[in-house]
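Residue 705 in the working numbering sits at position 372 of the sequence shown, with consecutive numbering throughout.
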Amino acid sequence: MGLFKSIFGGSSEPEDYREGAQGISDQVQKALAYGDVDDRWNAIRAVGELGGPFIEPLVRALKDDFWIIRRGASDMLGKMGAPAVPHLVAMLAEEDEAVRRETERALILIGEPSIEPLQNALSDNDPHIRRGAIEILGLMRVPGAVPGIIRALSDEKPLVRQEAAIALRRYHDPSSIAPLIGILRDDYGYVRMAAVETLCLLGTGSIEPLITALGEGSEEFQQRVSLALVSIGYPAVDPLITALGKDNPDIRRHSANILGRIGDPKATTALIRSLEDRERSVRREATMALTDICDPAIPPLVKAFHDGDPGVSNCAMEALWILGSRSTPLLLEILDDPDANVRRRSAILLGEIGDKSSLEALSRRMSDENPAVRREAFEAVEMIKQKCGVSEPVPAVTPSKTEDPADDPEDPDLSREKNKNHPW
334 MGLFKSIFGG
344 SSEPEDYREG
354 AQGISDQVQK
364 ALAYGDVDDR
374 WNAIRAVGEL
384 GGPFIEPLVR
394 ALKDDFWIIR
404 RGASDMLGKM
414 GAPAVPHLVA
424 MLAEEDEAVR
434 RETERALILI
444 GEPSIEPLQN
454 ALSDNDPHIR
464 RGAIEILGLM
474 RVPGAVPGII
484 RALSDEKPLV
494 RQEAAIALRR
504 YHDPSSIAPL
514 IGILRDDYGY
524 VRMAAVETLC
534 LLGTGSIEPL
544 ITALGEGSEE
554 FQQRVSLALV
564 SIGYPAVDPL
574 ITALGKDNPD
584 IRRHSANILG
594 RIGDPKATTA
604 LIRSLEDRER
614 SVRREATMAL
624 TDICDPAIPP
634 LVKAFHDGDP
644 GVSNCAMEAL
654 WILGSRSTPL
664 LLEILDDPDA
674 NVRRRSAILL
684 GEIGDKSSLE
694 ALSRRMSDEN
704 PAVRREAFEA
714 VEMIKQKCGV
724 SEPVPAVTPS
734 KTEDPADDPE
744 DPDLSREKNK
754 NHPW
């Protein structure tokens, strides 16, 4: 405090030193440069009341090593208003984030007088100043700044483009949607991610333009658009279900993929219909999407496997195989279907799934009236036994005692002889 008191005669009240402030400028600057933290803090509070002559010392104080000094300088510059704006805009060129943060804070505190200089700064030669101006205008939500911020999406510097994408999320302006989709082609991942996040926050208005973009550009671009729609999540489900009927196969294919990644069971029926799509890539994505939806998709998939035409049935079969043992209970039910082809295909699928719990039911099918069913049931049993390490005979339903004395527990030799004849 000693240095500060020597400047103002031991008083820290503005009324005592306001007169003759110009004459003590050098001493104030000396206090800010060489005083201890308390001296610098009190000098900042004092010169903040004196105004214009002390703007530059306060601006320099924004670079102080101590946060409390930087914050005090920011507060005082914010109170000085319009005269401080040009100095603060120039300080946006600083690369030190701590300095930039307090500079931006001061300009926001100044408010309306800083808007026009900041809008002019959008075309400054220094990219740091352009970036800072975009951030501040976005934080202030200046309506007239939107066109300039949209133009900044095409800036030569990626950090400026990123900041423009971030700033636009504060406006919810529909005019920004198409330009934001455009920079999903950007070479820099952090710029693209900023655009994706903003498109998500812009709400349902961005969904239809994003779906349209699924049919445009390169595969890489389409994947980035897909990420945006996945990030939007459930609000996009109904439009994506509708998009499964679009003429463009890329839109149908990506829509199926996105619905699977979102995982809403509501999409199951539409995805089952897509198993009939004329494009193999669409059928493939619909199949995988149904496996992503998982348990809620199993009953419709089993029905499609049972009832569908060969193309649909084969896609459903693949999906059920991927879902694995979750599918077993319902497949065991149709293993007893009156249609021999259904029984045969069910046996094949159960064998591929390899769930030990299906062994007993499959062993019964080894006595099926249809030779193709018996053959596939035998192959399935052998496959499951090998996969699960089962070596003992599989329990099976056998004829009644009156038809086969080997089933009589009283005659173990006959029983052993019968078991020798079983293929397992």
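Even glycine gets a Cβ: it sits at the ideal position worked out from N, Cα and C.
query: Through-space distance from G481 to P507, alpha-carbon basis; result: 15 Å
query: For L653 and V563, the rounded distance between their alpha carbons; result: 24 Å
query: Burial state of D459, where buried means 16 or more other Cβ atoms lie within 10 Å; result: exposed
query: Continuous alpha helix (DSSP H) stretch holding N453: start and end; result: I448 to A454
query: Secondary structure of P671, DSSP reduced to three states; result: coil
query: First through last residue of the alpha helix (DSSP H) which encompasses A426; result: Looking at the DSSP string, A426 is not in any alpha helix (DSSP H), and its letter there is neither H nor E.
query: CA-to-CA distance, P450 to V524, given in whole angstroms; result: 26 Å
query: Cβ-Cβ distance between V570 and I514 below 8 Å; result: no
query: K689 in three-state terms, based on DSSP; result: helix
query: Contained alpha helix (DSSP H) runs [length at least 4] in the segment 478-542, N- to C-terminal order; result: 479-484, 491-501, 510-515 and 522-534
query: Contacting residues, own chain, Cβ-Cβ under 7 Å from E468 (five flanking each side not counted); result: E437, E496 and A500
query: Whole-angstrom distance between R659 and A603, CA atom to CA atom; result: 22 Å
query: Pick from G477, I686, R586 and F399 that is closest to E549, judged by C-alpha positions; result: R586
query: CB contact flag (R616, L623, <8 Å); result: no
query: Simplified DSSP assignment, three categories, for K734; result: Low confidence applies here, because K734 scores a pLDDT of 37, under 50, leaving its location unreliable and the question unanswered by this model.
query: Cβ separation of L682 and M650, assumed to be a contact under 8 Å, to the nearest whole Å; result: 6 Å
query: Chain-order list of residues whose beta-carbon lies under 7 Å from that of G522 (same chain, five-residue window excluded); result: none
query: Between the CA atoms of G538 and S763 - distance to the nearest angstrom; result: No answer is possible for residue 763: the residues shown for the chain start at 334 and end at 757.
query: Proximity below 8 Å, CB of F554 to CB of R518; result: yes
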